[in-house]
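Please read the structure below before turning to the comments.
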Amino acid sequence: MAYKIKASDCTACGACEAECPNIAISFKKGTYVIDPVKCTECQGHFDAPQCAAVCPADCCVPA
Amino acid sequence: MDNVISLDGILGLGELKAPDTAPPASAASGCSSSSCGSSDGPADMAPEVWEKVKNHPCYSEEAHHYFARMHVAVAPACNIQCNYCNRKYDCSNESRPGVVSEKLTPDQAIRKILAVAKEIPQLSVIGIAGPGDSLAAGGRNTFATFEQLQKKAPDLKLCLSTNGLALPDHVERIAQYNIDHVTITINMVDPEVGQHIYPWIFHGHRRWTGLDAAKILHERQMLGLEMLTARGILVKVNSVMIPGINDEHLLEVNRQVKARGAFLHNIMPLISDPAHGTQFGLTGQRGPTAQELKVVQDACEGGAKLMRHCRQCRADAVGLLGEDRGAEFTIDRIEAMGEVDYDDEARRSYREHVEAERAGRAVSKAAAKAEVQDSVGAQAAPILIAVATKGGERINEHFGHAREFQIYEVGPQGATFVGHRRVDQYCEGGSGDEDALDGVLAAINDCTAVLVAKIGGCPSKSLQAAGIEPVDRFAFEYIEESALAYFKDYAGRLSRGAVSVRAGQDAVIRTGALTALRA
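Just so you know, the protein sequences line up as chains C and D, in that order. Residue numbers for the first sequence follow full-length UniProt numbering, so the first one is 1 and each next one is one higher. Residue numbers for the second sequence follow full-length UniProt numbering, so the first one is 1 and each next one is one higher.
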């Protein structure tokens, strides 16, 4: 029940960080990462995982 | 003043002349400049608008000869996908919107701005143009940068560009930070057209696709535009011309944005190459030719005022339009400079110098135009000419060193700027490169003459063989006056049958890099 960011495709734009309702996304070693403990796939907040919905490079996927 | 002059290519060998005698105070009012109509000079806009744009190189065609801008790449996030943009592509040798070689934090951006402002006294504008959308991700980095900048260098004007999706949410803050100018990219006013340009948008916590996406984007763009103009913030609209998708539609875009108060409309050619990896690049969607672009731009005359001097700069461009000095100011070098003091003395004296220079121009342009009208009359058809210049409104570049040519349409109605054509330098280290020369010929193929500061024998012959007259007798003179003097001479030869009209040519728009520095 968590999403992850494909580091190879991530452009480090940071769009996901701003949208995550759980503050589960942070910038580490040149890319963004999702803390699987905090990620709820946005259930209870929104219809769809916000990181995946906003990612311009389509690199947020189910872990 | 000396160090101001030597700092940039605007003013060099024999180029700086004392301004002509000051004109009477009334010279700038009325239609005294031949720039009336398509370009934006003091003569054809309200005084309060001129005051806002006169030192803005992107908003004022005249100012782009004298003033520099700087884009800080603090906004990498985006909330929409455009078919002409590839988020994954990022290369320092590319020169096009959305491309940067390093992203900055707001703190890094401030250091860089202060360092550049010290080095380039022509700097007048700080813009945030991506590489994503300046208002995506809450616009946090954008506003953080502007907030600090307003305190540390209050003389620099602030502007930003956006796709408009998040704009209505941020108009309040834009006004709060004294952002005088906003650019919105509006490629359509009909969602039917828009669905072919935007595969998706992210709005209201969900991703929208197809017609719904284009409809929401359109409504938000129009709302944002109306909110800005209602507050007296100048709005420029950028449109990317995509042949077969929105080329004819841009006339309607022009009408609608004008009706909502947009001050300037900039129609840019699509940049499309399979190597860029954009959707349009991969599907083989082509960009327009120079003639196609000009036809659409000309058709929009009478609507919102057209902008024609756009260089489609990188989102981290630094310096005068057409001369990117971004590579001189990398983060490593900025960090190495240590603490940079804020000092606006050089910028102030440069601006005073420009004011003095400008004062003489209106009179001399009007005199040149009147002379042509007297001697040529209205019969002669206008022609296009190419000019090799590095700024200052003068013909001050060697043919072989030119990275771009500025194109002017000159006729009995005066000389107006049409656009610029980017080329490879013909002369690399002394000897000419024949391939590059072919590229130059293709880029200015629709011109009757090319005005240069200097030109060698071989390229001169090739130009003549192609039917383009090389002209170096106006070296270091002002462009508009020289263009009119040339036209007067040309019309005379035409009426004697010494030359024939060169018409029906098209030219190639080259969209390659413009990042390397002058040697």
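Idealized CB from N, CA, C, for every residue including glycine.
Query: Are the segment 368-375 of chain D and the segment 294-308 of chain D touching, with three or more C-beta to C-beta distances below 8 Å?; Result: no
Query: Would you say Gly-132(D) faces chain C, with C-beta separation under 8 Å as the test?; Result: yes
Query: Residues of chain D with CB closer than 7 Å to the CB of Cys-51(C), please, in chain order.; Result: The contacting residues do not exist; Cys-51(C) stays about 11 Å from chain D at best.
Query: Shorter than 8 Å from the beta carbon of Thr-11(C) to some beta carbon of chain D?; Result: yes
Query: Run down chain D in chain order and give the residues with a C-beta less than 8 Å from the C-beta of Gly-14(C).; Result: Pro-76, Ala-77 and Ala-137
Query: Drop a sphere of 10 angstroms on the beta-carbon of Glu-335(D), count the other beta-carbons inside from all chains shown, and report buried for 16 or more, exposed for fewer.; Result: exposed
Query: By DSSP's criteria, Gln-108(D) is part of a beta bridge. Which residues make up the other side?; Result: Answer by DSSP bridge pairing: none, since Gln-108(D) is not bridged.
Query: Alpha carbon to alpha carbon, how far is His-265(D) from Gly-319(D)?; Result: 23 Å
Query: In whole angstroms, what separates the C-alpha of Arg-403(D) from that of Glu-192(D)?; Result: 39 Å
Query: Closer than 8 Å, Cβ to Cβ, to anything on chain D: give me those residues from the segment 15-32 of chain C, in chain order.; Result: Ala-15, Glu-17, Ala-18 and Glu-19
Query: So which residues of chain C does Arg-347(D) contact, with C-beta pairs closer than 7 Å?; Result: Neighbours of Arg-347(D) on chain C: none; closest Cβ ~33 Å, over 7 Å.
Query: The alpha helix (DSSP H) spanning Lys-52(D) covers which residue range?; Result: 47-53
Query: How about Pro-56(C): is its C-beta nearer than 8 Å to some C-beta of chain B?; Result: Among the protein chains of the structure shown, namely C and D, there is no chain B.
Query: Thr-11(C) to Ser-272(D), Cα distance in whole Å?; Result: 21 Å
Query: Between the Cα of Lys-488(D) and the Cα atoms of Gln-413(D), Ile-455(D), Asp-446(D) and Asn-445(D), which residue gives the shortest distance?; Result: Gln-413(D)
Query: Ordered along the chain, which non-local residues of its own chain (more than five positions away) have a Cβ less than 7 Å from that of Ile-216(D)?; Result: Ile-201, His-203 and Trp-208
Query: Determine whether the beta carbon atoms of Leu-321(D) and Pro-57(D) lie at a separation below 8 Å.; Result: yes
Query: Looking at chain C, is there any beta carbon in it that lies within less than 8 Å of the beta carbon of residue 520(D)?; Result: Only positions 1 to 519 of chain D appear in this structure, which leaves residue 520(D) out of reach.
Query: Going along the chain, which unbroken runs of the alpha helix (DSSP H) with 4 or more residues stay wholly within the segment 279-330 of chain D?; Result: 279-283 and 290-299
Query: So which residues on chain C does Gln-81(D) lean against when the C-beta distance must stay under 7 Å?; Result: Pro-56
Query: If Val-240(D) and Asn-141(D) are in contact, beta carbons under 8 Å, what's the gap, nearest whole angstrom?; Result: Val-240(D) to Asn-141(D), Cβ: 25 Å. No contact.
Query: Cutting at 8 Å between CB atoms, please list the residues of its own chain near Ser-445(D), excluding the five before and the five after it.; Result: Position check: residue 445(D) holds Asn in this sequence, whereas Ser was assumed. Excluding sequence neighbours, Asn-445(D) sits near Ala-466, Ile-468, Gln-505, Asp-506, Ala-507 and Val-508.
Query: Is the distance from the Cβ of Thr-229(D) to the Cβ of Arg-260(D) below 8 Å?; Result: yes
Query: Take every Cβ of the segment 131-140 of chain D, pair it with every Cβ of the segment 156-166 of chain D, and state whether three or more of those distances are shorter than 8 Å.; Result: yes
Query: Comparing alpha-carbon positions, which option in Met-188(D), Glu-393(D) and Gly-232(D) lies nearest Asp-247(D)?; Result: Met-188(D)
Query: Within 10 Å of its beta-carbon, does Gly-326(D) have 16 or more other beta-carbons around it, so buried, or fewer, so exposed?; Result: buried
Query: Going by Cα to Cα distance, which pick from Cys-13(C), Ala-2(C) and Cys-20(C) is closest to Arg-87(D)?; Result: Cys-13(C)
Query: Going by DSSP, what residue range makes up the beta strand (DSSP E) through Tyr-32(C)?; Result: 31-34
Query: Do the CB positions of Ile-126(D) and Met-45(D) come within less than 8 Å of each other?; Result: no
Query: For Arg-286(D), which residues in the same chain have their Cβ closer than 7 Å to its Cβ, ignoring the five residues on either side in sequence?; Result: Pro-243 and Ser-272
Query: Residues in the same chain with beta-carbon distance under 8 Å from Cys-300(D), minus the five sequence neighbours each way, listed in chain order, please.; Result: Leu-250, Leu-251, Asn-254, His-265, Ile-267 and Leu-306
Query: By the DSSP assignment, the beta strand (DSSP E) with Met-227(D) in it spans what residues?; Result: First-last for Met-227(D): 210-230, but that is the alpha helix (DSSP H), not the beta strand (DSSP E).
Query: CA-CA distance, Gly-456(D) and Gly-391(D)?; Result: 22 Å
Query: What are the complete beta strand (DSSP E) segments, minimum 3 residues, inside the segment 388-458 of chain D?; Result: 404-411, 414-422 and 449-451
Query: Going along chain C in order, which residues have a C-beta closer than 7 Å to the C-beta of His-205(D)?; Result: Phe-46 and Gln-50
Query: With a cut-off of 8 Å on the beta carbons, I'd call Asp-324(D) and Arg-314(D) a contact; round off their distance for me.; Result: 7 Å
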